[in-house]
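Read the structure below first, then the notes.
Numbering (the numbering used here), first residue to last: 6 to 335.
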C-alpha cells in the first residue's frame with residue numbers, strides 16, 4: 006500500500022483537512038455521522054495520524070529529533086544512555102521525541118526533510134564525524150541544531166554545541182596512570198574521525214610526552230569486541246602493559262574480558278575507561294573511569310533546542326561537560 010496522507014483521507018471522506026484533524030483529535034461538536042464516516046476511511050486505509058494532523062487542529066506539539074550518526078547502530082551503551090536521558094528531560098517539558106539512526110551520509114537529509122515538513126522543529130545530533138559536508142549544509146541553511154562533540158569553531162546562532170571535554174579527560178587519565186609510577190602505558194583509542202576519539206587521544210599523548218613512557222596507541226574504534234581481540238592477541242604474545250587508558254568504558258570491558266579469558270588477574274593491569282556509563286558501575290570488577298554529568302548534558306541539550314525553537318537568545322552556544330575521576334576496582 007502506498008503512503009497515505011491526511012489530504013488523501015480528506016478527499017476520500019469528502020471533508021476538509023481541518024475536519025479530519027478534529028476527528029483525529031476527538032474534538033467535540035463534530036456530527037456523529039461525519040465522525041463515523043471519517044473514522045471508517047481512516048480504518049480502511051490504515052492511516053496513522055502524525056504530528057501535522059494534530060497541528061492542523063490547533064494542538065501544536067513540540068517535537069524534537071535525536072539523530073544518531075553511527076554505521077554500527079545503537080549498540081553503544083553511551084548512545085542508549087544519552088538517548089534515554091534526553092527523552093526523559095524532553096518529557097518533563099511535555100516535548101515529544103523522534104529517534105532516528107543515520108548509517109549513511111545520504112540519510113542525513115532526513116533532518117532537513119523532517120524539519121521542513123513540520124514533523125520536528127529542531128534536532129539533536131550525536132556521533133557526528135569531523136568531516137560532515139551534509140551536516141554543514143544543514144547548518145548553513147539555519148536549521149536549529151544541538152550537536153554533541155563537534156567542531157568548536159562554530160559560532161552560528163542556530164547551533165548549540167555540547168562537548169565532553171575530551172582533551173582534558175585524556176590528560177586526567179594519563180596523569181592518573183603516571184602518578185602510579187608506571188613506565189608502560191597503552192591507549193585503546195576511539196575513532197579518530199570523531200572529535201571524542203581524536204581529542205581523548207591527543208590529551209593522553211600530550212600528558213605522557215616527556216615522561217619516559219613506553220606507549221602504544223591501539224585502534225579499538227570504541228568497540229568492545231575489537232579491543233578484546235586486539236588485547237587478547239597481545240596477551241598471548243606476552244605484551245602486557247602496566248596501565249591502560251581506554252577511550253570509552255566498553256573497550257575497558259573488552260580488555261577485562263581478554264585478561265579473564267587468558268587467565269590473568271585484572272589487578273595485574275591498572276585500567277581506566279571514559280564516559281562513566283551505567284555499565285562501568287554494574288560490571289564486575291567495577292571500572293575506574295573518567296566521567297561527566299550526562300544528566301546535565303541532556304538537560305542542556307533539551308533546554309538549548311527549545312530556546313532556539315522559541316526564538317530566544319542563547320548567551321553562549323557551547324557547553325563543556327564537567328569532568329570527574331571515578332576510582333573503582335580496576
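Ideal placement from N, C-alpha and C gives every residue a C-beta, glycine not left out.
Apply the 10 Å Cβ neighbour rule to residue i and answer buried if 16 or more other Cβ atoms are within range, or exposed otherwise.
i, result
"residue 285", "buried"
"residue 79", "exposed"
"residue 161", "exposed"
"residue 136", "exposed"
"residue 279", "buried"
"residue 171", "buried"
"residue 290", "exposed"
"residue 129", "buried"
"residue 51", "exposed"
"residue 319", "exposed"
"residue 229", "buried"
"residue 272", "exposed"
"residue 204", "buried"
"residue 21", "exposed"
Going by the CB atoms, is the gap between residue j and residue i shorter than 8 Å?
i, j, result
"residue 259", "residue 227", "no"
"residue 70", "residue 116", "yes"
"residue 107", "residue 152", "no"
"residue 256", "residue 209", "no"
"residue 213", "residue 220", "yes"
"residue 190", "residue 246", "yes"
"residue 145", "residue 175", "no"
"residue 243", "residue 274", "no"
"residue 199", "residue 154", "yes"
"residue 195", "residue 252", "yes"
"residue 103", "residue 88", "no"
"residue 114", "residue 139", "yes"
"residue 326", "residue 169", "yes"
Please report the Cβ distance between residue i and residue j, rounded to the nearest whole angstrom; I am assuming they are in contact, meaning their Cβ atoms lie under 8 Å.
i, j, result
"residue 328", "residue 177", "6 Å"
"residue 149", "residue 314", "6 Å"
"residue 83", "residue 309", "Rounded, the Cβ-Cβ distance is 20 Å, inconsistent with contact."
"residue 46", "residue 14", "6 Å"
- Message: Across the segment 257-270 and the segment 236-244, are there enough close Cβ pairs to call them in contact, namely three or more that are closer than 8 Å?
- Response: yes
- Query: Are there three or more Cβ pairs, one per stretch, closer than 8 Å when the segment 109-127 is compared with the segment 87-97?
  - Reply: no
- Task: Quick one: which unbroken alpha helix (DSSP H) runs of 4-plus residues sit fully inside the segment 273-324? Chain order, please.
- Result: 283-287, 299-314
- Would you list, in sequence order, the uninterrupted alpha helix (DSSP H) runs of no fewer than 4 residues that lie entirely inside the segment 76-132? The alpha helix (DSSP H) runs lying completely inside the segment 76-132 and spanning 4 residues or more are 82-97, 114-121, given in chain order.
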